[in-house]
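In my numbering, the protein residues as written are 83 to 226.
Positions of the beta carbon are idealized from the N, C-alpha and C atoms, including for glycine.
Here the structure is a predicted model, which is why all the values come from computation and not from measurement.
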Amino acid sequence: MTGTMTLKERLDIAALDADAALKRLLEDDLDRDGFRREVRAFTLAKFFLTEEECAQEGTEELLKLANASVEKMLRNADKSVKLAEGSTTCTNQSSTDIKKVLLSMTLQRSLGVKFTPEYSANLETITQLANALYDARGKAEFAR
């Protein structure tokens with residue numbers, strides 16, 4: 083069945099997986115490791131990557147995973163240009179930079195956490211992002 087699914091159907095499943103991970107992130111009973119696993123699940127779903135693809139990249143660096151995500155989407159869309167290089171905004175931000183920023187902003191907003199842009203930019207890995215979000219949950223800026 084997987085081979086016959088359309089890209090839209092696979093993206094819809096990834097969106098449902100991300101929503102489920104986010105719902106689990108909002109539970110108060112997660113320890114740090116559980117929270118980190120759910121941030122990872124959310125990230126991979128949002129980036130439309132599998133654990134196997136993440137392992138192939140050999141990293142948990144958000145920019146590298148964002149780049150792999152963009153490249154995967156291009157392969158699925160059958161494009162020939164590297165979107166990470168070919169698509170930039172007026173501020174010269176690549177698609178991979180934007181994906182990383184949007185991921186962080188989505189998690190911050192959903193969890194009621196606000197990081198400065200500088201602090202957020204320095205969170206380079208899934209673990210760093212997850213730890214920062216986990217630690218911020220217990221502080222005054224975390225409000226549901």
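Could you check the C-alpha separation between E206 and Q190 for me, to the nearest Å?
Start at 1 with the first residue of the sequence shown, and residue 206 comes out as number 124. Start at 1 with the first residue of the sequence shown, and residue 190 comes out as number 108. Cα to Cα, E206 sits roughly 15 Å from Q190.
In the structure shown, what three-state DSSP assignment does T207 receive?
Sequence index remark: in the sequence shown, residue 207 carries index 125 (1-based). T207 sits in a strand when the DSSP states are folded into three classes.
Span separating the alpha-carbon of L180 from that of K154
On the sequence shown, position 98 is the one that residue 180 refers to. On the sequence shown, position 72 is the one that residue 154 refers to. It should be pointed out that residue 180 corresponds to Ile in this sequence rather than to Leu. Near 16 Å, if we compare the C-alpha coordinates of K154 and I180.
Tell me where the alpha helix (DSSP H) around M87 begins and ends.
By 1-based counting over the sequence shown, the position of residue 87 is 5. DSSP places M87 outside any alpha helix (DSSP H), giving it a letter other than H or E.
Could you check the C-alpha separation between D101 and N158 for me, to the nearest Å?
As a working note, residue 101 is residue 19 in the sequence shown. As a working note, residue 158 is residue 76 in the sequence shown. So the alpha carbons of these two residues sit roughly 23 Å apart.
E134 by DSSP, collapsed to three states: which one?
Taking the sequence shown and counting its residues from 1, one reaches residue 134 at position 52. Helix, per DSSP.
Sheet register partners of L143 (DSSP bridge)
Within the sequence shown, numbered from 1, the residue matching residue 143 stands at position 61. According to the sequence provided, residue 143 is Glu. The question's Leu does not apply to it. Paired residue(s): T207.
Could you tell me which of G194, S192, L215 and R114 sits nearest to Y201, measuring between CA atoms?
Against the sequence shown, residue 201 aligns to sequence position 119. Answer by Cα proximity: L215.
Sorted by chain position, which residues of the same chain lie with C-beta nearer than 8 Å to E133's C-beta, five sequence neighbours on each side aside?
For the purposes of this step, residue 133 is taken as the residue at position 51 of the sequence shown. Excluding residues up to 5 positions away in sequence, L126 lie with their Cβ nearer than 8 Å to the Cβ of E133 in the same chain.
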